[in-house]
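Asker: Before I ask anything, here is the structure I am working with.
Residue numbers (this note's numbering): 27 to 348.
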């Protein structure tokens with residue numbers, strides 16, 4: 027077995043494990059699928075073991091792949107820390123902390139804004155605006171992202187087990203309705219009134235699987251349908267255009283962007299909640315992380331973000347955990 031392994035091969039392994047799909051992993055790494063497959067095969071040859079079971083329908087880690095994955099992630103994290111340390115020495119400052127907040131109107135962005143006001147001078151943050159913790163978690167595991175926000179329980183178990191997280195908010199849900207919709211004049215929308223409706227909830231978008239999972243549980247046995255899969259939508263302007271054209275109500279959070287031609291109405295009876303956590307890579311050492319954690323705690327205490335309204339609804343796993 028060689029003593030030196032190219033980190034690029036480890037990065038390929040970690041991303042395919044996170045995505046369970048070579049096509050999506052290649053897109054995330056901005057490389058050709060053929061090149062990615064070649065890198066994984068080179069790593070398997072170097073390690074003398076098969077890391078994935080591949081069929082035409084799915085890609086799954088072998089038992090040996092499961093065993094070696096945490097080591098590969100630690101190597102990539104150590105490599106990034108080395109580069110960060112060298113950059114800090116050369117430039118006299120720490121690298122920026124890359125934080126995915128999904129959108130301007132989001133709990134994550136409120137936490138980031140508060141952290142920027144209180145963080146020490148050497149802590150710099152760069153914000154990223156990609157929707158979906160499923161995607162962000164894979165990027166954190168691969169070392170290309172530091173922090174994100176979202177529903178941890180909806181992540182694949184192997185990814186969830188390799189992340190640190192801090193509960194931040196039980197975020198009440200809402201429905202985004204076209205202005206001419208039969209329920210648009212209501213100040214709030216009882217969940218039962220959505221029976222017979224079809225709502226967009228990101229179905230088919232592999233980057234937001236945790237959100238669609240929540241919707242499936244919420245709509246079950248209530249006569250509410252999930253809109254069929256469409257290609258992932260990037261950008262607020264494109265989201266507005268597509269939703270206006272399709273005319274679908276959208277399952278959203280009360281913390282949501284303004285969409286021209288639509289109204290946002292909180293859902294009641296019961297109030298459904300989406301548990302939002304701050305998520306990061308174990309062992310991350312950056313002064314900005316402490317500032318984010320402190321800001322999240324202060325905002326949660328000031329606004330009662332972790333208090334559940336009486337009779338509220340939570341997804342099954344979070345409800346069972348209490």
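Cβ atoms here follow ideal geometry from the backbone N, Cα and C, with glycine treated the same way.
So, residue 297 versus residue 338, is the Cβ gap smaller than 8 Å?
Answerer: Yes, they are a contact pair.
Asker: Starting from residue 298, follow its DSSP beta bridges and name the residues at the other end.
Answerer: For residue 298, which the question treats as bridged, DSSP gives the partners 339.
Asker: Could you tell me the distance, in whole angstroms, from the CA atom of residue 235 to the CA atom of residue 157?
Answerer: Rounded to the nearest angstrom, the two C-alpha atoms are 11 Å apart.
Asker: Going by C-alpha distance, which of 218, 81, 69, 106 is nearest residue 95?
Answerer: Checked all of 218, 81, 69, 106; the closest Cα to residue 95 is 69.
Asker: What does DSSP give as the partner residues of residue 252 in its beta bridges?
Answerer: Answer is 225.
Asker: Counting only the same chain and skipping the five closest in sequence on each side, list residues whose C-beta sits under 7 Å from that of residue 41.
Answerer: For residue 41, where only same-chain residues beyond five positions count, the Cβ hits under 7 Å are 51, 54, 55, 164, 168.
Asker: Could you check what DSSP says for residue 115 in three-state terms: helix, strand or coil?
Answerer: Legend: pLDDT at residue 115 = 44, less than 50; position of this residue unreliable, value from coordinates given subsequently. Helix.
Asker: Return the CA-CA distance between residue 45 and residue 155, expressed in angstroms with no decimal places.
Answerer: Spanning the two alpha carbons is a distance of roughly 20 Å.
Asker: When DSSP labels each residue in this structure, what does residue 202 get in the three-state scheme?
Answerer: Note: residue 202 maps to strand in three-state DSSP.
Asker: Once DSSP output is grouped into helix, strand and coil, what is the label at residue 196?
Answerer: In this structure, residue 196 counts as strand in the three-state DSSP scheme.
Asker: Please confirm whether residue 175 and residue 302 have their CB atoms less than 8 Å apart.
Answerer: Yes. Within cutoff.
Asker: When burial is assigned at 16 or more other CB atoms within 10 Å of the CB, is residue 335 buried or exposed?
Answerer: Exposed, by the Cβ-count rule.
Asker: How many whole angstroms separate the CB atoms of residue 241 and residue 263, which I take to be in contact at a CB cut-off of 8 Å?
Answerer: So it is not a contact: roughly 24 Å between Cβ atoms.
Asker: Inspect the CB distances between the stretch 192-208 and the stretch 278-291 and report whether three or more fall short of 8 Å.
Answerer: Taking 8 Å as the limit for Cβ pairs, the verdict is that the stretch 278-291 does touch the stretch 192-208.
Asker: Using only the alpha-carbon positions, how far apart do residue 36 and residue 181 sit?
Answerer: Taking the straight line from one Cα to the other gives about 22 Å.
Asker: In the DSSP assignment, the alpha helix (DSSP H) including residue 242 goes from what residue to what residue?
Answerer: Taken as a continuous stretch (DSSP letters only), the alpha helix (DSSP H) holding residue 242 covers 235-245.
Asker: What number of angstroms, rounded off, separates the C-alpha of residue 329 from the C-alpha of residue 86?
Answerer: Approximately 42 Å, taken between the alpha carbons.
Asker: Assuming contact is defined by CB atoms lying nearer than 8 Å, are residue 295 and residue 222 in contact in what I supplied?
Answerer: Contact: no.
Asker: Can you pull the DSSP bridge partners for residue 176?
Answerer: Its beta-bridge partners are 303.
Asker: Tell me the DSSP secondary structure of residue 326 in three-state form.
Answerer: Note: residue 326 maps to helix in three-state DSSP.
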